[in-house]
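Inspection log for the structure reproduced underneath, given as C-alpha cells.
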Amino acid sequence: MEENTESKEQSNKPGVWTILIGLFLIIRGAMRMADKEMEIFGILMIVVGVGSIVYYFAKK
110 MEENTESKEQ SNKPGVWTIL IGLFLIIRGA MRMADKEMEI FGILMIVVGV
160 GSIVYYFAKK
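Quick note, in the numbering used here, the sequence shown goes up one by one and the last residue is 169.
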C-alpha cells in the first residue's frame with residue numbers, strides 16, 4: 110500500500126520534460142520575434158515557456 114501512494118504522489122509532479130519544453134519554447138519564441146512577420150507567435154511562445162518553468166518550480 111505504501112508504494113502505491115508514493116508513486117501516485119510522484120506522478121503528479123512535473124518532470125524534467127517540463128523544463129526542457131519551456132526552454133525550447135523560450136528559444137523558439139526569441140527566434141520568432143527576430144522574424145518580424147511572426148512576432149505575436151514569438152511572444153506567445155515565450156509566455157508559455159516561462160509559464161511551464163514557473164509551473165515546474167511551483168509544483169516541486
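C-beta atoms are modelled at their ideal positions from N, C-alpha and C, and glycine is treated no differently.
The alpha-carbon separation between S161 and G151 amounts to approximately 15 Å. Secondary structure at G124: coil, using DSSP grouped into helix, strand and coil. Between the alpha carbons of M142 and G131 lies a distance of about 16 Å. At least 8 Å separates the beta-carbon of I128 from that of V159. DSSP places E146 outside any alpha helix (DSSP H), giving it a letter other than H or E.
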